[in-house]
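Peer 1:
2 protein chains.
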Amino acid sequence: MHLFYQPEPVQHLTEEDSRHAVRTLRLKTGDSITVTDGHGNRHSAVITQADARRCQFRIRDTQTTVPRPFSIRICVAPTKNLDRIEWFIEKAVELGIERISFFYGQHSERRALKLERLEKIAVAAMKQSLQSFVPILDEALSFTDFLKTVSEDQRFIAHLSDQKPPVSLLKAAATGGRYAVLIGPEGDFSDAEIHQAVSVGFQLVTLGPNRLRTETAALTACQILNVIQWEY
Amino acid sequence: MHLFYQPEPVQHLTEEDSRHAVRTLRLKTGDSITVTDGHGNRHSAVITQADARRCQFRIRDTQTTVPRPFSIRICVAPTKNLDRIEWFIEKAVELGIERISFFYGQHSERRALKLERLEKIAVAAMKQSLQSFVPILDEALSFTDFLKTVSEDQRFIAHLSDQKPPVSLLKAAATGGRYAVLIGPEGDFSDAEIHQAVSVGFQLVTLGPNRLRTETAALTACQILNVIQWEY
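Chains as they are written, first to last, in our numbering: chain U, 1 to 232; chain F, 233 to 464.
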């Protein structure tokens, strides 16, 4: 199965996918392809014009996946070593995640982040794990500006500070919610940031007894919010 | 804090750590170091001879961590791209894992595995996450030989086949156990292997609704077996 990604409601592949389809895979007019829009739709289609810059197709059939009855938004500071964020995105897409937001904390080491490469990783992971949704990736903002974007009703903040929060995310989160989880940067949150988050409704939680790297903590939060939904 | 690893009950660093301590960090006689043995002991020590080939130290004080009241053994086929297993080991050590075993399945693509590099990654992750245990890493065996080494009482096998097992690892595992979890290779288990595992007491379980890569599945099993122990 040749799987392509076209987020727009048009019947031609992106320039990159057109090149890949026609030049690399040598697909021809009449060949069958599958195109996902990353919003839950997966089209069975046939190539109508095998143009390496703008490969046209016609949709024959569309399978629509409904979104999960809960949503996970993980909010994280970019790690110094970007591989770690890239890895997190791949894994989070495999597990299912709706949105990833980035912020620069007082103790963040990295102060620049390009989304383009991260979006490619998200799309590749979506294809590989046979899913139909690609998460929203938000441009990095200052912590204060980021907080203004939070509309989720279930808000949690996980951090490393010495006084461990008495409750885990596992017990604090109710099923079926819209979750926003703040994960501390490598240098952890400042006290001021924690105070600021708590003042807009974020609850302090722990992700377990161990000290976790930023990206491991972020993935652990996804796992926990997934498993509390399971009824089997 | 300068943290070193010496698994043997001796009061000198390994050759590699000696070089690192004396040449790279330029530690001198009289300097304080911390040495963990990977079996739960963490020694506060002082350097008595700053020799770059065999740095001697004297233990002043030892902190002992008791093992967890449960144990997790993940049994996995080496992935084609070894980075993925390396990544899994780093993350599993952060989360806490007692043992990782490797087997060659009928559908495994990789047929050779050197443990030396994996052991280094495990030790580095143990140091980084401030833990005192390094997991046992077993040499890769054939699937049949591997099965003979299983002594754990709670045995689970996670695989991708079309008929999803009706029960998740979350619900099937009882707390406080000694767990062995078999994770399917990239080409999944063969029917014969699944049958063989079931015949020695492995229970079929699912790790959730999504199709996961081998290393993501392995880490998901660790996460699930951790969270079922949490009482907070």
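Glycine included, each C-beta is placed from N, C-alpha and C at the ideal position.
May I ask you to report which of helix, strand or coil DSSP gives residue 151 of chain U?
Peer 2: In the structure shown, residue 151 of chain U sits in coil (DSSP, three-state: anything other than H, G, I, E or B).
Peer 1: Mind pulling the chain U residues with CB within less than 7 Å of residue 458 of chain F?
Peer 2: Going along chain U in sequence order, the residues near residue 458 of chain F (Cβ under 7 Å) are 208.
Peer 1: Is there at least one Cβ from chain F nearer than 8 Å to residue 129 of chain U's Cβ?
Peer 2: Closer than 8 Å: yes.
Peer 1: Please report the straight-line C-alpha distance between residue 377 of chain F and residue 269 of chain F, rounded to a whole angstrom.
Peer 2: Approximately 30 Å between the Cα atoms of the pair.
Peer 1: I'd like to know if residue 237 of chain F contacts chain U, where contact means its C-beta is closer than 8 Å to some C-beta of that chain.
Peer 2: Closer than 8 Å: no.
Peer 1: According to DSSP, is residue 61 of chain U helix, strand or coil?
Peer 2: It is a strand residue.
Peer 1: Quick one: does the C-beta of residue 40 of chain U sit closer than 7 Å to a heavy atom of the ligand NAP?
Peer 2: As presented, the structure is devoid of all ligands, the ligand NAP included, so that no description of it is given.
Peer 1: Buried or exposed: which applies to residue 383 of chain F, given that a residue is buried once 16 or more other Cβ atoms fall within 10 Å of its Cβ?
Peer 2: Exposed, because fewer than 16 other Cβ atoms sit within 10 Å of the Cβ of residue 383 of chain F.
Peer 1: Using CA coordinates, which residue listed in U:187, U:205 and U:10 is at the minimum distance from residue 41 of chain U?
Peer 2: Residue 41 of chain U has its Cα closest to that of U:10, out of U:187, U:205 and U:10.
Peer 1: For a test of the three-state rule: what should DSSP assign to residue 257 of chain F, helix, strand or coil?
Peer 2: The answer is coil: DSSP assigns residue 257 of chain F none of H, G, I, E or B.
Peer 1: Of the residues that make up the stretch 146–175 of chain U, which ones have a beta carbon closer than 7 Å to any beta carbon in chain F?
Peer 2: Listed by position along the chain: 166, 167, 168, 170 and 171.
Peer 1: Report the start-end ranges of each alpha helix (DSSP H) in the stretch 401–452 of chain F that is 4 residues or longer and not cut off at the edges.
Peer 2: Runs of the alpha helix (DSSP H) inside the stretch 401–452 of chain F: 401–404 and 423–431.
Peer 1: Flag residue 115 of chain U as yes if its beta-carbon sits less than 8 Å from any beta-carbon of chain F, otherwise no.
Peer 2: So, not an interface residue.
Peer 1: My parser needs the beta strand (DSSP E) runs of 3 or more residues fully inside the stretch 72–135 of chain U; what are they?
Peer 2: Within the stretch 72–135 of chain U, the complete beta strand (DSSP E) runs of at least 3 residues are 99–104.
Peer 1: From what residue to what residue does the beta strand (DSSP E) around residue 42 of chain U run?
Peer 2: Where residue 42 of chain U is concerned, the enclosing beta strand (DSSP E) stretches over 41–49.
Peer 1: So is residue 112 of chain U buried or exposed if we call it buried at 16+ other beta carbons inside 10 Å?
Peer 2: The residue in question, residue 112 of chain U, is exposed, as its Cβ has fewer than 16 Cβ neighbours within 10 Å.
Peer 1: Which residues in the same chain as residue 364 of chain F place their Cβ atom closer than 6 Å to its Cβ, once the five residues preceding and following it in sequence are excluded?
Peer 2: So the qualifying residues of the chain are 268, 272, 274 and 297.
Peer 1: Specify, as a first and last residue, the run of the alpha helix (DSSP H) that residue 19 of chain U falls within.
Peer 2: That run of the alpha helix (DSSP H) goes 15–19.
Peer 1: Quick check: residue 53 of chain U and residue 18 of chain U, are their CB atoms within less than 8 Å of each other?
Peer 2: Yes.
Peer 1: At 7 Å on the CB atoms, spell out the chain U contacts of residue 455 of chain F, in chain order.
Peer 2: Chain U residues near residue 455 of chain F: 220 and 223.
Peer 1: Closer than 7 Å by beta-carbon distance: list the chain F residues that pair up with residue 213 of chain U, in chain order.
Peer 2: Those are 326, listed as they occur along chain F.
Peer 1: Indicate whether at least one CB of chain U lies closer than 8 Å to the CB of residue 352 of chain F.
Peer 2: With 8 Å as the cut-off, residue 352 of chain F does not count as an interface residue toward chain U.
Peer 1: Counting C-beta neighbours from all protein chains within 10 Å, is the total for residue 127 of chain U 16 or more, i.e. buried, or is it exposed?
Peer 2: Buried, because 16 or more other Cβ atoms sit within 10 Å of the Cβ of residue 127 of chain U.
Peer 1: What does residue 323 of chain F reach in chain U if we use C-beta pairs closer than 7 Å?
Peer 2: Chain U residues near residue 323 of chain F: 216.
Peer 1: Report the rounded CA-to-CA distance for residue 165 of chain U versus residue 84 of chain U, giving the unit in angstroms.
Peer 2: Roughly 25 Å separates the two Cα atoms.
Peer 1: Any idea if residue 418 of chain F is buried or exposed, counting beta-carbon neighbours within 10 angstroms, 16 or more meaning buried?
Peer 2: Classification for residue 418 of chain F: buried.
Peer 1: Around the Cβ of residue 116 of chain U, are there at least 16 other Cβ atoms within 10 angstroms (buried) or fewer (exposed)?
Peer 2: Exposed, because fewer than 16 other Cβ atoms sit within 10 Å of the Cβ of residue 116 of chain U.
Peer 1: Kindly list, in the order they appear in chain F, the residues whose Cβ is closer than 9 Å to that of residue 104 of chain U.
Peer 2: None at all; the shortest Cβ gap to chain F is about 23 Å.
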